[in-house]
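In the UniProt record's numbering, the protein residues as written are 1 to 367. Heads up, the beta-carbon is just placed ideally off N, CA and C, and yes, glycines get one too.
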């Protein structure tokens, strides 16, 4: 956490040191810029004019302290708060992508969600190794909102009962889909497009998922796709599938973060929340999509293949779900979609269907 020491960061200004110290009482890597800004020094000279800089950065630069890059839920804490910071910047070019991004880490950034940066910058990412051993002068630097702020946005958001359909979350969804040029499929019928998230992980697998899918295969109102969102499917393709789905189904896991990019009329069916009741329910409320989850515990079976001794036991098991209860809850989700005014008003074009002619198939059959 301690990257900087005294005199490692500063600028030509009149620094109100006491006020800075009062605001730097909370020192936490992903909750505060305190660990860095507390070392800020006031210079009585202009470093750029004084020849103190090894490198001068002309373009606006966002310095990013990031959450877990392997997990979509946590990494999108970064992207959402960066987007929010664009609004707070209140500059005529705040939404320009001709900016630089400096990752506040010494390791090379790697993530399956890397494509998302294209929504924010036209340039390659930097990290601390990019300028190792050099004095860097920024003409315009931004320290954006952090991913795990206390009472922050997305993570740790204190939701009031009944609060839903955040305009900021709605705008973020449209911003990402627009900037990444995610295609929208032509609708050739009014079938409900259902995307079923399958997992290839050790835990939280749906043991009888084929049985569940077979039970709805003959429903002429449904068009179902089974997918495994992993490294074999480019992230932009994942977003394309999500943005063209009416119902997203999956057990508790980071893949459900895709609900952020569902259409406004859509529903998400969290098969089982694994005793973490608020995580995706709150995210669905913020995004403004309908949320359904399993509430009859006697109609699911937990299957544990090993002796796990840690906490959050429900997340370290696999599950079998009652078929009829699955169909009932799915109908709750699809009925919501059918009655939504925006779904009702969708235009139908007689053309080849982008999601295939079969009612049920897997993405692996497509790619």
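Just reading off the beta strand (DSSP E) that residue i is part of, what are its end residues?
| i | result |
| --- | --- |
| residue 193 | 192-197 |
| residue 85 | Not the beta strand (DSSP E): residue 85 falls in the alpha helix (DSSP H), residues 72-89. |
| residue 103 | 100-103 |
| residue 40 | 40-43 |
| residue 55 | 55-57 |
| residue 290 | 290-293 |
Which same chain residues end up closer than 7 Å to residue i when comparing Cβ atoms and leaving out the 5 residues on each side of it in sequence?
| i | result |
| --- | --- |
| residue 122 | 97 and 98 |
| residue 31 | 146, 148, 149 and 150 |
| residue 296 | 325 |
| residue 165 | 288 |
| residue 361 | Confidence at residue 361 is low in this model, with a pLDDT of 49, below 50, so its placement is unreliable and no value can be given for it. |
| residue 240 | 182 and 183 |
| residue 230 | 200 |
| residue 336 | 267 and 290 |
In chain order, what residues of the same chain lie with their CB nearer than 6 Å to the CB of residue i, ignoring the 5 residues before and after it?
| i | result |
| --- | --- |
| residue 249 | 196 and 269 |
| residue 140 | 60 |
| residue 318 | 205, 207 and 303 |
| residue 71 | 254 |
| residue 172 | 80 and 83 |
| residue 33 | 143 |
| residue 266 | 246 and 289 |
| residue 9 | 39 and 40 |
| residue 244 | 185 |
What are the start and end residues of the alpha helix (DSSP H) that includes residue i?
| i | result |
| --- | --- |
| residue 63 | That residue, residue 63, is in no alpha helix (DSSP H); its beta strand (DSSP E) goes 61-64. |
| residue 286 | 279-287 |
| residue 346 | Premise fails: residue 346 is in no alpha helix (DSSP H) and is neither H nor E. |
| residue 37 | 34-37 |
| residue 300 | From DSSP, residue 300 is part of no alpha helix (DSSP H) but of the beta strand (DSSP E) over 300-303. |
Does DSSP put residue i in a helix, a strand or coil?
| i | result |
| --- | --- |
| residue 126 | strand |
| residue 323 | helix |
| residue 11 | strand |
| residue 406 | As shown, the chain starts at 1 and ends at 367. That puts residue 406 outside it, with no answer to give. |
| residue 356 | Legend: pLDDT at residue 356 = 47, less than 50; position of this residue unreliable, value from coordinates given subsequently. Three-state DSSP puts residue 356 in coil, outside helix and strand. |
| residue 336 | helix |
| residue 21 | helix |
| residue 138 | strand |
| residue 365 | Residue confidence is low: residue 365 scores 36 on pLDDT, short of 50, so the model does not pin down where it sits. Its coordinate-derived value is still stated next. Reduced to three states, the DSSP call for residue 365 is helix. |
Using CA atoms only, rank isn't needed, just tell me which of the options is closest to residue i.
| i | options | result |
| --- | --- | --- |
| residue 14 | 32, 42 and 31 | 42 |
| residue 187 | 333, 49 and 246 | 246 |
| residue 68 | 104, 93, 45 and 95 | 104 |
| residue 334 | 94, 182, 292 and 278 | 292 |
| residue 350 | 321, 185 and 252 | 185 |
| residue 77 | 336, 321 and 283 | 283 |
| residue 74 | 210, 198, 111 and 332 | 111 |
| residue 85 | 144, 281 and 294 | 144 |
| residue 7 | 44, 294 and 231 | 44 |
| residue 199 | 244, 49, 217 and 228 | 228 |
| residue 339 | 314, 210, 273 and 190 | 190 |
| residue 153 | 322, 286, 4 and 193 | 286 |
| residue 323 | 261, 210 and 192 | 210 |
| residue 320 | 124, 345 and 251 | 251 |
| residue 242 | 174, 278, 17 and 298 | 174 |
| residue 274 | 232, 314, 24 and 259 | 314 |
| residue 332 | 63, 89, 280 and 271 | 271 |
| residue 193 | 177, 50, 5 and 220 | 220 |
Only counting the same chain, and skipping five residues up and downstream in sequence, which positions put a Cβ closer than 8 Å to that of residue i?
| i | result |
| --- | --- |
| residue 357 | Caution applies to residue 357, whose pLDDT of 42 falls short of 50 and renders its modelled position unreliable; the model cannot decide the point. |
| residue 53 | 47, 135, 136 and 137 |
| residue 234 | 115 |
| residue 20 | 37, 38 and 40 |
| residue 180 | 115, 116, 118, 119, 236 and 239 |
| residue 327 | 215 and 216 |
| residue 95 | 86 |
Fully enclosed by the UniProt domain "Glycosyltransferase 61 catalytic" (165-268), which alpha helix (DSSP H) runs are 4 residues long or longer? Complete alpha helix (DSSP H) runs here, min 4: 167-179, 209-215 and 235-243.
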